[in-house]
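Student: From first to last, the protein sequence lines are chains A and B. Going left to right, the first sequence walks through residues 412 to 611 as this note's numbering numbers them. Going left to right, the second sequence walks through residues 1476 to 1664 as this note's numbering numbers them. Don't be surprised by glycine CBs; every beta carbon is placed ideally from N, CA and C. In this text, all values refer to a predicted model and were calculated from it rather than measured experimentally. The structure is given below, and queries will be raised subsequently.
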Amino acid sequence: MKHNGKLYLELFLSTLRLSAFTLGGGYVIIPLMKKRFADELNWIDEQEMLDLISVSQSSPGPIAVNASLMIGYRMGGIPGALITVFGTVLPPLLIISFISFFYRQFRDNAYVNAVMRGMQAGVAAVICNVVIDMGHSVLKSKSILSAFLMVGVFVAVYFFKINIIWIILACASIGLGSGKIHAHRTIHKNATESGDEKRK
Amino acid sequence: MIYLQLFWSMFQIGLFSIGGGYVAIPLIQHQIIELHGWLTATEFTDIITIAEMTPGPIAINSATFVGIRVAGIPGALVATFGCVLPSCIIVFLLAKIYYKYRNLNAVQYILSGLRPAVVAMIASAALSIIMLTFFTGGVVPDAISDINFISLAIFAVGLFMLRKWKISPIYVIGGAGIIGLIVYLILRR
Chain A
412 MKHNGKLYLE LFLSTLRLSA FTLGGGYVII PLMKKRFADE LNWIDEQEML DLISVSQSSP
472 GPIAVNASLM IGYRMGGIPG ALITVFGTVL PPLLIISFIS FFYRQFRDNA YVNAVMRGMQ
532 AGVAAVICNV VIDMGHSVLK SKSILSAFLM VGVFVAVYFF KINIIWIILA CASIGLGSGK
592 IHAHRTIHKN ATESGDEKRK
Chain B
1476 MIYLQLFWSM FQIGLFSIGG GYVAIPLIQH QIIELHGWLT ATEFTDIITI AEMTPGPIAI
1536 NSATFVGIRV AGIPGALVAT FGCVLPSCII VFLLAKIYYK YRNLNAVQYI LSGLRPAVVA
1596 MIASAALSII MLTFFTGGVV PDAISDINFI SLAIFAVGLF MLRKWKISPI YVIGGAGIIG
1656 LIVYLILRR
């Protein structure tokens, strides 16, 4: 990928547009980013997208800013990262600056509230859609551990409101532990198999 | 030096809000109301409401709002910059580590544990938004009148269009806003 002006412009305009539609919490930017950068532009695949979210989630700060920075860095190095952060911060900065002069009228305006209620239903559909896609690909991997982690984390976060830091630490350890055990078993199995062959 | 104070306050909020916007709210409250008295409690409730109604992360929205109230447009810029700076530095380092070491087995194992967790976290956020959209008060209702059928219909049509025709999420959100404007205003009459 060439680090040229066209790439930077695409990064800036994409993050600017996505950020302007990120209503109702940082996670809403995930389906928008997946659609734009994975499905439309084909810059990254879904696995890498999930990795970027994992990293964004493991760091302090807004997930939308963190995930944009990861994409910017991936595609255009440090200048790319600065551009995507700028593109993500600009819409809320401008909108809030503008609204702050008449925020009470804005909050109580019937038109604004009608649009917001409609958009909230749209946002619900968008985030639900990405959960179906991503959940499907986790189940398709046919790993019982992954399926178990997915259900377990959902219960822990939604019903027990467990802090995300603990969940990240726990899942990272479980992933590392099971991977090590699996690798150990494979090496062991290969060793016994080659031993068998030698005996033959 | 008001700009420095703003910057430092927001820097701390940005640094310690790990795990989503709602973790940031008590931090913001502590810095802005209790420590500096930059906003009253009512103004703070207002800004949380506004932040939920406008796009963008809650921490950035409140940083901009506080900045502009305390020191005008330059204040907004300083506050927002302070708010994103810590996460930018940390994520930048993590990004470097990720792209350098992501092919190592150990990193692959860790990521394979985190991927299903991330999907679950998004699912949890999705369910919260769905509850808020469909039911008055965001909890499973006792009466049918508490179910918001208009939102339910917009949701169903939106999801159908996303899955069947793969149209861009931005059009779904924008279109839902236009339908909301028309339907809810007609119903109010």
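Does the distance from the CB of residue 578 of chain A to the CB of residue 567 of chain A come in under 8 angstroms?
Tutor: Working through the first sequence from its first residue, we reach residue 578 of chain A at position 167. Working through the first sequence from its first residue, we reach residue 567 of chain A at position 156. In this structure, residue 567 of chain A lies closer than 8 angstroms to residue 578 of chain A by Cβ.
Student: Give me the Cα-Cα distance between residue 503 of chain A and residue 431 of chain A, rounded to the nearest whole angstrom.
Tutor: Here residue 503 of chain A corresponds to residue number 92 of the first sequence, with the count starting at 1. Here residue 431 of chain A corresponds to residue number 20 of the first sequence, with the count starting at 1. Their backbone Cα atoms lie some 7 angstroms apart in a straight line.
Student: Taking just the CA atoms, how far does residue 483 of chain A sit from residue 1599 of chain B?
Tutor: Numbered from its first residue, the second sequence carries residue 1599 of chain B at position 124. Numbered from its first residue, the first sequence carries residue 483 of chain A at position 72. If I take the Cα positions, the gap works out to 27 angstroms.
Student: What residues from chain B crowd round residue 470 of chain A, counting only those whose CB sits closer than 7 angstroms?
Tutor: One-based indexing of the first sequence puts residue 470 of chain A at position 59. Correct list: 1562, 1565, 1566, 1569.
Student: Closer than 8 angstroms, CB to CB, is residue 477 of chain A near chain B or not?
Tutor: Within the first sequence, residue 477 of chain A is the residue found at index 66, counting from 1. It does; some Cβ of chain B falls within 8 angstroms.
Student: Mark residue 446 of chain A as exposed unless 16 or more other C-beta atoms lie within 10 angstroms of its C-beta, in which case mark it buried.
Tutor: On the first sequence, residue 446 of chain A is found 35 positions in, with the first residue counted as 1. Buried is the call here.
Student: Measuring only the C-alpha atoms, how far is residue 1585 of chain B from residue 573 of chain A?
Tutor: Taking the first residue of the second sequence as 1, we reach residue 1585 of chain B at position 110. Taking the first residue of the first sequence as 1, we reach residue 573 of chain A at position 162. Their backbone Cα atoms lie some 20 angstroms apart in a straight line.
Student: Assuming contact is defined by CB atoms lying nearer than 8 angstroms, are residue 476 of chain A and residue 1532 of chain B in contact in what I supplied?
Tutor: Position 65 of the first sequence holds residue 476 of chain A. Position 57 of the second sequence holds residue 1532 of chain B. Cβ distance < 8 angstroms, so residue 476 of chain A and residue 1532 of chain B count as in contact.
Student: State yes or no: is the beta carbon of residue 1624 of chain B nearer than 8 angstroms to at least one beta carbon in chain A?
Tutor: As a position in the second sequence, residue 1624 of chain B is number 149, starting the count at 1. By this cut-off, residue 1624 of chain B is not an interface position.
Student: For residue 548 of chain A, which residues in the same chain have their Cβ closer than 8 angstroms to its Cβ, ignoring the five residues on either side in sequence?
Tutor: Against the first sequence, residue 548 of chain A aligns to sequence position 137. Closer than 8 angstroms at Cβ, skipping near neighbours: 457.
Student: Among the candidates A/486, A/469, A/515, whose CA atom is the shortest distance from the CA of residue 453 of chain A?
Tutor: Within the first sequence, numbered from 1, the residue matching residue 453 of chain A stands at position 42. Measuring from the Cα of residue 453 of chain A, the nearest candidate turns out to be A/486.
Student: Tell me whether residue 545 of chain A is buried or exposed, calling it buried when 16 or more other Cβ atoms sit within 10 Å of its Cβ.
Tutor: Residue numbering aside, residue 545 of chain A sits at position 134 when the first sequence is read from its first letter. Residue 545 of chain A should be labelled buried.
Student: So what's residue 1611 of chain B in DSSP terms, helix, strand or just coil?
Tutor: Along the second sequence, one-based indexing puts residue 1611 of chain B at 136. If DSSP states are grouped into helix, strand and coil, residue 1611 of chain B belongs with the helices.
Student: Which runs of the alpha helix (DSSP H) fall wholly inside the region 498–573 of chain A and span at least 4 residues, in chain order?
Tutor: 514–519, 521–551, 555–569
Student: Please return the same chain residues whose Cβ sits closer than 7 angstroms to the Cβ of residue 1543 of chain B, not counting the five positions on each side in sequence.
Tutor: The residue given as residue 1543 of chain B occupies position 68 in the second sequence. Result list for residue 1543 of chain B: 1550, 1551, in chain order.
Student: Tell me, please, whether the CB atom of residue 1519 of chain B is closer than 8 angstroms to any CB atom in chain A?
Tutor: Along the second sequence, read from residue 1 onward, the residue named residue 1519 of chain B stands at position 44. No, residue 1519 of chain B lies away from the interface with chain A (no Cβ there is under 8 angstroms from its Cβ).
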